[in-house]
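Everything below concerns the one structure shown next.
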Amino acid sequence: MDNYHRRYHSQHVKLKDSCDSCSASKVRCTKEKPTCTRCTKLEHDCYYSPARRIGRPNRTFSSDRDSTPSSIARYERAGGRRPSFGSYTFKDIGILLDSSSTLSRTIRQPTQVIEGSGNPCPTNCFSLMLNLMLDLLSQLGDMRVPDPVLKLDASLNSAVKALSRVLICPCSQSLDVALLAAASCNCVLDFVDGLIRLQHNNYSPIGTPNSSSNTVMNELRRVANLVVQFGSRYQAAIDEEHRETLLGLAGDLKARLQATIEDATNIMELSNGV
């Protein structure tokens, strides 16, 4: 068993049923580990990405989430309006998601792989992302301990910066790295979702200043930048065979971010008694 699969086996992390290469090519995977039949025949490296929601703890606030739709409907019938938090509103993030925005046009594009270079990635971005995902997933289980917001904020900020660096590294032109980058972005969104709900349950008593709202808002803005960067990275920087798949993943990330923003708005409305 190679180091990639040995690491996940030792961490008891559930992997996807189909390997990344078969998934990207939209063909049936024979699912052998560590290497499926197709990858063996084609002499491809065979990787199985972690299942996206692995290790997500059972949250104590599930009943709050279930009650959100009816609560929001009650506020809407009462003529409530969406609040702003600190100096920002969630509309600000929507601007970042517009593909025609200044941000999407000014993100620094990755340098091209130097032809003939034997080692285009001296920082080993693939291993960096694996470690990043394992770290974030392990912290998801600690989100119910007292006063973890500053620590979690620092962890998330570090993860977003690391993924941003991966997306400007020449190695991100590799399909394997691109697929793992998409999985890592989803892991970041899982982390943001946990941070939002932690703030709702522990740090937003009605009638008190919502000091952690700006923390959540800042994190959403950083993640929005990352999602836009992912989409911009694969507009035309990878071969046509895989471009459609990666742009589809970029669209999924954008849709999920928008859902997270709406969820955060609804939860913060309830927290502030709107």
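So the numbering used here is basically just the index in the sequence shown, starting at one, shifted up by 154. Yeah, the Cβ is synthetic: ideal placement off N, Cα and C, and Gly gets one too.
- prompt: Whole-angstrom Cβ separation of Ala335 and Leu317, contact assumed at under 8 Å?
  reply: Translated into positions along the sequence shown, residue 335 becomes position 181. Translated into positions along the sequence shown, residue 317 becomes position 163. Confirmed, about 6 Å.
query: Over what stretch of residues does the alpha helix (DSSP H) that includes Asp171 continue unbroken?
result: Numbered from 1 along the sequence shown, position 17 holds the residue referred to as residue 171. From DSSP, Asp171 is part of no alpha helix (DSSP H); its letter is neither H nor E.
query: Is the distance from the Cβ of Ala105 to the Cβ of Val370 below 8 Å?
result: Only positions 155 to 428 of the chain appear in this structure, which leaves residue 105 out of reach.
- prompt: From the DSSP output, which residues share a beta bridge with Pro204?
  reply: In the sequence shown, residue 204 corresponds to position 50, counting from 1. Beta-bridge annotation (DSSP): Pro204 is paired with Leu169.
message: Which residue marks the beginning of the alpha helix (DSSP H) containing Asp289, and which one marks its end?
response: Taking the first residue of the sequence shown as position 1, residue 289 is located at position 135. In the DSSP assignment, Asp289 falls within the unbroken alpha helix (DSSP H) covering 279-294.
query: Considering only the beta carbon of each residue, do Leu407 and Cys325 sit closer than 8 Å?
result: Locating residue 407 in the sequence shown gives position 253, where the first residue counts as 1. Locating residue 325 in the sequence shown gives position 171, where the first residue counts as 1. It is not a contact, given that the beta carbons lie outside the stated cut-off.
field: Residue closest to Lys168, alpha-carbon to alpha-carbon, out of Arg319, Val331, Lys187, Asp330
entry: For this step, residue 168 is matched to residue 14 along the sequence shown. Of the listed residues, the one whose Cα sits closest to Lys168 is Lys187.
field: Residues near Gly385 in its chain [Cβ-Cβ closer than 6 Å; skip 5 each side]
entry: Within the sequence shown, the letter at position 231 stands for residue 385. Counting only Cβ-Cβ distances below 6 Å, and skipping sequence neighbours, we find Ala404.
query: Gln389 by DSSP, collapsed to three states: which one?
result: On the sequence shown, residue 389 is found 235 positions in, with the first residue counted as 1. The DSSP-derived three-state label of Gln389 is coil.
message: Our contact map puts Tyr201 next to Asp174 with C-beta atoms below 8 Å; I'd like the distance itself, whole angstroms only.
response: For the purposes of this step, residue 201 is identified with residue 47 of the sequence shown, where counting begins at 1. For the purposes of this step, residue 174 is identified with residue 20 of the sequence shown, where counting begins at 1. Contact holds; Cβ gap of about 5 Å.
- prompt: Is Ile415 helix, strand or coil when you go by DSSP?
  reply: What you label residue 415 is simply residue 261 of the sequence shown in a count that begins at 1. Here Ile415 sits in helix by DSSP.
field: Exposure of Ser328, with buried meaning 16 or more beta-carbon neighbours within 10 Å
entry: As a position in the sequence shown, residue 328 is number 174, starting the count at 1. Result: buried.
Contact test: Tyr202 Cβ vs the ligand MN heavy atom, cutoff 7 Å: With respect to the ligand MN, the structure offers nothing, as it holds no ligand at all.
Reference Glu373; option with closest CA among Ala313, Cys193, Ile322: Counting from one through the sequence shown, the residue named residue 373 turns up at place 219. Of Ala313, Cys193, Ile322, the smallest CA-CA separation from Glu373 is found for Ala313.
message: Give me, in chain order, the residues of the same chain whose beta-carbon lies closer than 6 Å to that of Gln266; leave out the 5 immediate sequence neighbours on both sides.
response: Position 112 of the sequence shown, counted from the start, is the residue given in the question as residue 266. Residue confidence for Gln266 is low, a pLDDT of 37 falling below 50, so the modelled location carries little weight; the figure read from the coordinates is stated next. Taken in chain order, the list of residues that qualify is empty.
- request: Along the alpha helix (DSSP H) that carries Thr194, what are the first and last residues, could you check?
  value: Locating residue 194 in the sequence shown gives position 40, counting from the first residue. Where Thr194 is concerned, the enclosing alpha helix (DSSP H) stretches over 191-196.
task: Tell me whether Glu186 sits in a helix, a strand or coil according to DSSP, three-state version.
output: As a working mapping, residue 186 is identified with position 32 in the sequence shown. DSSP places Glu186 outside both helix and strand once states are collapsed to three, so it counts as coil.
- prompt: Which same chain residues, not among the five before or five after Thr362, have their C-beta less than 8 Å away from its C-beta?
  reply: Numbered from its first residue, the sequence shown carries residue 362 at position 208. In this prediction, Thr362 has a pLDDT of 43, which is less than 50 and means its spatial position is unreliable; what the coordinates show is noted afterwards. No residues qualify anywhere along the chain.
query: When the Cα of Asn311 is compared with those of Ser203, Phe345, Leu400, which residue comes out closest?
result: The residue given as residue 311 occupies position 157 in the sequence shown. Answer by Cα proximity: Phe345.
- request: Decide if Arg231 is buried, meaning its Cβ has at least 16 other Cβ atoms within 10 Å, or exposed.
  value: Counting from one through the sequence shown, the residue named residue 231 turns up at place 77. With a pLDDT of 43 at Arg231, under the threshold of 50, the modelled position of this residue cannot be trusted; read the value that follows with caution. Label assigned to Arg231: exposed.
task: If I'm right that Ser203 touches Leu333 with Cβ under 8 Å, what's the distance once you round it to whole angstroms?
output: Within the sequence shown, the letter at position 49 stands for residue 203. Within the sequence shown, the letter at position 179 stands for residue 333. Between Leu333 and Ser203 the Cβ distance is about 6 Å, and since that is below 8 Å, they are a contact.
task: Rounded to whole angstroms, what's the CA-CA distance from Ile415 to Gly348? Just pull it up for me.
output: As a working note, residue 415 is residue 261 in the sequence shown. As a working note, residue 348 is residue 194 in the sequence shown. Each residue's Cα considered, the two are about 13 Å apart.
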